[in-house]
Every structure is written in C-alpha cells, then in structure tokens.
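*Asks:* Just so you know, the numbering used here puts 812 at position 369 of the sequence shown, and the rest follows in order with no gaps.
Quick one: this structure, given as structure tokens, is what I'll be asking you about.
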Amino acid sequence: MQQLQDGPVDLSPPPGFCPYVGLEAYTERDSDYFFGRERDERVLSANLYASRLTILYGASGVGKTSVLLAGLVPHLASTPSTATVVFREWQTDSFEAALKSACASAVERSAGKRVDADPSAPLDDLLFALGQHLRGPITLLFDQFEEFFLYHPATNGGVSFDVELARVINREDVDASVLIVLREEGLASLDRFRIRIPNLLSNRLRLRHLDMRAAESAIRRPLDVYNARVDAARRVDIEDDLVLRLLADVRTGLDLLGDSRAGGAASQATAGAEQPEIETPFLQMVLTRLWDAEQASNSRTLRLSTYESLGAAERIVRTHLESALASLSRREKEAAAEAFRYLVTPSRTKISYSVSDLVQFTGLTPERLQPMLQQLAEGRARILREVQPVARSVEEQPEPRFEVFHDVLARPIEDWQKRFATNRARTRQTRRRFGVFAVALALLAAGYFLIYVPWQENQPWGYMQDLASGETYDLSGNLVRIGRNASDIKNDIDLRPQNVSRIHLMIFRDLTTDDLRSLYGTTINARFLPYGQTARLHDGDILAFSGEAALKFSSNLARGMNPSGAHAIVIDGTRRSILPLADGVNFLSLDASGGIQQAQSDPGDSIMTVTVEPSSDLGRRVSIMTPVTGIKLTAKIDDYNYPSYNLPPNNTYTVFPISNVSDPPYATRVAYRYGTTDFQLVDVTGN
C-alpha cells in the first residue's frame, strides 16, 4: 500500500512568477494574492445565505469575475456538504446541457461519490434530485450573464431556460441559491424574468471600483505574500512614491485611452467626488508591466523612475494593445480591423465568434483570418482569447471561438480602428489624387490622346437612374466616374451623401465596374463588391454607394470603335516621366526600397506591370504573374495571391492598381492602356 507522507505544501512561487495578473481575472489559484475586496466577499456570502436570488452588477472591468472566483468561491468551498457551480458558457446553443453536467459534477465532488441524475430533466427537478446527496445548498454562480441575453434573445414563445430558472428560484423544496453577475447596462435585460420571478431586483448589489485604501492593499499585499514565500535574495520592495503616483494616475474618469467622448465630464465628476476610485484592470496592467521591466533589469524594487521611463499609466495601457498589433503585417492589420467590427459591438460589448463565423461576416478567407487571430491570442500581451465551446456529445468537436480578452480593451480597440481607418482613408485619397494627376499627364501625351479623340464614342451606351430623385444620367465615353465632387475632383455622376467617397466607382464601356477602395463600400443587388474584384453590370442592377445613395442601371448598345497601332505607356509619378512601350520592350527597375518594378509590352499591344515591396520577414521575393481562367490575372507576392485587372480594349485610360501590398510610401506607377486587344497572360519573374 502506498503511504501518504504528511508535510508542508510548497507555496514558493516558480521562476517568472508575477504576483499581479494584468488583464486576467483572478481565479481560485490566485486567491492568496487577491486583496482589496474583503468587505465585498463578506456581503456577497451573507446575501447568498439569506436569499435565493442575488444580483451582482457593476461597470465593465470593475472586477466582478475576480470577486467571484478568487473571493467568493474559496469562501463557499470551505463550507462542508455544499456544492458550488460557476457557469459562463452562454455562447453555445447547448448551454443548458453543459450547465446540468456542471451541476452533477459539483455535487459528485462535494459528496465524494457518483450520483445518478437525469440530464434531460428540467433544471429545477435535476437540482432537487442532486440535493438529496448533500446536507447543504447548491449555489449557482452565473457569471457574465449579459451574454445570455446576447446569444439567446427572447422569442414570442419564450426560452425554456427562463422558465426553468424561475422554478429553481421559486420552488421552496429545491435547496439552491442563485447569484447572477452581469454588467451594469445588462440590468434592464433582466426585465424579461420579471413576470416569472417576484421581487426580481429586491436583492441586488453594486460592485464599485476600488477605493484608495482598497487599491493600496491590492498593490502592497500581493508583494507581502510573495516575499513571505521566497528567500531574501528574491524579495521585492516598492517605493512609497510609486504607490502614491499609481493611485493618482489610474483613478476612474481619467482618459487613459484617449477617448475624447469619455474624458471631460467623467474627469470632472471624479474630481468632485468625495472618494476617488481606482480602475482595477488598468492598475493590474500597469503593475504587471512594471514588474516585468524591473525583473528584466534584475531590480529588486518597483521604482517610480522605471514607471516614468515606461511612459506612465497612459502609455503603458496604449502600448499593451499596440504591442500586440505591431507584429502584424499591413494586410493582417486590415483583417484585424474587419474582425474587430464583429468581435466588439457598437456598445463596446465583446462577443465571441468562430473563424467560420468571421469568414462569413467579413468575406475574408480562413487562411487570412486564422493565423492573425491565433497570433493575437498568444503571448503576454495578447488581446484575444480562444474559447472552447462545450461539446454536446463525445463525438462532437465544436469549432473554437475567439473573443476580446477583456472588456476594457473594447475602447482602445475602437480607438485603434478609427485611427487605422483614418490612415487608410488618407492613403486612398493620396492614391486617388495621384490617379487624377496621372490622367492629366496622360492627356499631355498629345500624340496618343489626339489620335484617339476622333474615335471616341459619344453616344450613350447606358443609363443610371437615381432611385431617390428619379434623375437619369447618360453613360458615355470609355468610363464613367461616380463619387462625391470636391474642389479638385469632378465626377461624371456626383452623389451628395458625405459617406460616398470622392472617387467611389468606375464603370467601363464593356460594362465592367470597379470599386476604387471606397471608404464605406459598394453593393450590387445587395452583394458587396470587394476592392480588386471586377463585376459586370446587367440590366436592372441596383448599385448602392456607402449604403446611402442608390442607382439603377439599364444598358444601351453602343457602336464599337477600336483604335489600332497605339501602345501602352507607364507614368512614373515620382519622376513625372512618361515611358512609351513599343512592341517587345521590357522595362525593369528596382526602386529605392528594393521593390521590383516591371512593365512589358508585347506584339499584341498589351501591357503588364507589377510592383513588389520587399517583405520585412521574408526579404525580397520573386513576383510572378500566374495565368488564371477568365479575364483576371493573379500576382503572387510573398506567397499570397493578389487579384489584378486585365486592361480591356477601347479604354482611353484605365487605372491599374500596381501595388496593393506595401506600407507607405506606396508605389507610384499607374498604367494606361491605348490598344485594341485584350490583356494577354504573361509570366514575369524578377529578383
């Protein structure tokens, strides 16, 4: 028989341990380092024993989950013959089965034996049966309950869980108590239980941010516990001046995230309050970053000078998000910006989605989303977490979901999205302005333009009707520009709504149309037109611009007129030069940044151009134009396929997007086509 040896439990922290948790919630294993909430724990415990239903609410990031896991759960666990169930898996359709399974497991652990329970029974009947194996109550702790309302909205027929939960609370023969924990703005959603649960809100507690004394305890006492468990050489002190500075810097209402909408009024309110409060997650984030910095320099003291060298609280909070996003490429950041639109709601609530969900919502490929999401969910500075849904059966393997790591990141993510969108819009405007300037340069190539002018088609080949005003526009020439006019840009069709981009869409004579990276997008018959993909118009098509202006297209046959003998030109916006390409001429150069630039004309009077920026992690790469079925080509750049355009015949000028891949400065080459034949497939390599 194996002999059990009594002895002291080794509580010494392992190497690399930090007594602060950053944006992580405190859990049961961190309970020895959890301070500042002792009074809240006592009040919660007393309410649970005295009432069958308690509601704990508070602002996002106030620390509700930490109080639950590191404070209340250890206290309840010390009471014999009781069972405690913590549940927050609201995002799955099978959450009721998962909850019942968790209840049975908790009772088995407490009773020390296997118990028989019918998982198909209603929750109240199940708890009644399980309670026969205990001498104390079963406590249900429903964390993040606002997500229940998010994922399971009420229907006309009601939700079965609503009924079962009400019976658990109302049945006197079921020895159970329920704690519902949710964000402050979720209180109103509880109204859907009001008819079934009398006195629904009579026992509610609000969890506030830490006051100054509690916050000081949360700073100092984890260090006391840590120092008591390590030898003298590993002990860490903290400067008193640093403690005072931290308490001043992370008060509620201070605009740590640069959100102008939240700063002024909140700051004034806090300044006038009798008792300032401390933003707990920001405090923990700052302490964790400070601890890491001191450990890296072999310092045994948390110092004010180190804190200031890190940029103080405001910079540390911003750096957490930026450091996670800085490792992403430009294309990965674009994918992240799209994913964040769904992972963070307009009300700054986080919501979890699988990669398959995000593929459907964003239109991006799994290969583009999965690595980016995984990268943001790893490391100390992670801003996402991977959530594994509960399986309905042993055979089921549900797809993992991703969600924002902590609610407090919702605001900096929103701020980052705005800055990213602004920078991208500026880049688009720069490209558009260059396109207009390049057209002007092309017109200066009088020999080409004057040859083409006599053949230019003046008869309308189609019509657009404004569905709001009824006004009809003729479509003539080789292309029609649609957008919002500005002092330096005049479109063929001027749309007034402010969300319409200044150069929004081009429609060519062959009825193909291209979105010019408009800020808010274009749809054709309610289908999104991605940038870089060409669509062909048909009679009756309805085009919506930025969701505000709508035009209906109808066609009209036009007389074809194909010039001959002309060649393509390349306009270099940097040197303001024009390069005619005669048959068989091959132009190859390396720009200042090492990118490969190539333009080639063949006997069919076609042109192919491509610009490749060197990859920061892979170095300079080969650019390949790969033939693809149909009229499109695919440029393979750094192992990613970038869609490109053919240059259709009969076009006075066709803007050809040379580079979709590089960070600023962007490639400045624009190709124009004066020719009669279709774009031919050409394989090009360069190094």
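C-beta: ideal position from N, C-alpha, C; glycine also.
My guess is that D586 and R647 are in contact by the Cβ rule of under 8 Å, so how many angstroms apart are they, rounded?
*Replies:* Between R647 and D586 the Cβ distance is about 16 Å, and since that is not below 8 Å, they are no contact.
*Asks:* Going by the beta-carbon positions, is the gap between T525 and S553 smaller than 8 Å?
*Replies:* Yes, the pair counts as a contact, with Cβ atoms nearer than the cut-off.
*Asks:* Just to confirm, are A756 and D683 a CB contact at a threshold of 8 Å?
*Replies:* No; because the gap between Cβ atoms is not below 8 Å, this pair is not in contact.
*Asks:* Starting from R828, trace the beta strand (DSSP E) both ways and give me its first and last residue.
*Replies:* That run of the beta strand (DSSP E) goes L827 to V830.
*Asks:* Could you give the residue range of the alpha helix (DSSP H) that holds Q818?
*Replies:* Unbroken alpha helix (DSSP H) run through Q818: P809 to L819.
*Asks:* In the structure shown, what three-state DSSP assignment does A468 receive?
*Replies:* A468: coil per DSSP, three-state reduction.
*Asks:* Enumerate in chain order the residues of its own chain whose CB-to-CB distance from N599 is below 7 Å, with the five nearest sequence positions on each side excluded.
*Replies:* Bear in mind that a pLDDT of 43 at N599, under 50, signals an unreliable position, so the number given afterwards is only what the model happens to contain. If we look at N599 and ignore the five residues flanking it on each side, it has no Cβ neighbours.
*Asks:* Would a C-beta distance cut-off of 8 Å place G504 and R480 closer than the cut-off?
*Replies:* Contact flag unset, no.
*Asks:* Indicate whether L689 and L726 have their beta-carbon atoms separated by less than 8 Å.
*Replies:* Yes, these two residues count as a Cβ contact at 8 Å.
*Asks:* May I ask you to report which of helix, strand or coil DSSP gives V617?
*Replies:* Note: V617 maps to coil in three-state DSSP.
*Asks:* Could one say the Cβ of L690 lies closer than 8 Å to chain B's Cβ atoms, at least one of them?
*Replies:* Considering every chain present, this structure includes no chain B. It has just one protein chain.
*Asks:* With 16 other CB atoms within 10 Å as the buried threshold, where does I638 fall?
*Replies:* Exposed: under 16 other Cβ atoms inside 10 Å.
*Asks:* From T805 to F783, what distance separates their C-alpha atoms?
*Replies:* Rounded to the nearest angstrom, the two C-alpha atoms are 10 Å apart.
*Asks:* Leaving out five residues on either side along the sequence, give the residues of the same chain with a beta carbon under 7 Å from the beta carbon of I936.
*Replies:* Contacts found: M907, Y916, V923 and I925.
*Asks:* Candidates T977, V668 and F863: which alpha carbon is nearest F477's?
*Replies:* That would be V668, whose Cα lies nearest to the Cα of F477.
*Asks:* Indicate whether I950 and L972 have their beta-carbon atoms separated by less than 8 Å.
*Replies:* No, the Cβ-Cβ distance between I950 and L972 is not below 8 Å.
*Asks:* Going by DSSP in three states, S563 sits in which element: helix, strand or coil?
*Replies:* Of the three classes helix, strand and coil, the one that applies to S563 here is coil, per DSSP.
*Asks:* When DSSP builds the beta bridges, which residues end up paired with A993?
*Replies:* Answer is A987, bridged to A993.
*Asks:* Taking only heavy atoms of the ligand NAD into account, decide whether any of them is closer than 7 Å to the Cβ of Q727.
*Replies:* What this structure holds is no ligand at all, so the ligand NAD is not there to describe.
*Asks:* Give me the residue from S521, R485, R677 and A547 with the minimum Cα distance to F460.
*Replies:* Selected option, being the one with the closest Cα: R677.
*Asks:* Kindly indicate which residue of S998, R862, R844 and I662 has the alpha-carbon position closest to the one of S919.
*Replies:* Of S998, R862, R844 and I662, the residue nearest in Cα terms is S998.
*Asks:* Under 8 Å between the Cβ atoms of K432 and D850?
*Replies:* With the chain running from 444 to 1130 in the structure shown, residue 432 is simply not present.
*Asks:* Roughly how many whole angstroms lie between the Cα atoms of L852 and S740?
*Replies:* When rounded, the distance between both Cα atoms is 28 Å.
*Asks:* Just verifying my parser: in three-state terms, what is the DSSP assignment at A414?
*Replies:* This structure cannot speak to residue 414, because the chain is shown only from 444 to 1130.
*Asks:* Determine the direct distance from the alpha carbon of F863 to that of A780, and round the result to whole angstroms.
*Replies:* So the two alpha carbons sit approximately 8 Å from each other.
*Asks:* Just the C-alpha distance for H576 and P523, rounded to the nearest angstrom, thanks.
*Replies:* Each residue's Cα considered, the two are about 13 Å apart.
*Asks:* By the three-class DSSP mapping on this structure, what secondary structure does T805 have?
*Replies:* Looking at T805 - three-state DSSP - the assignment turns out to be helix.
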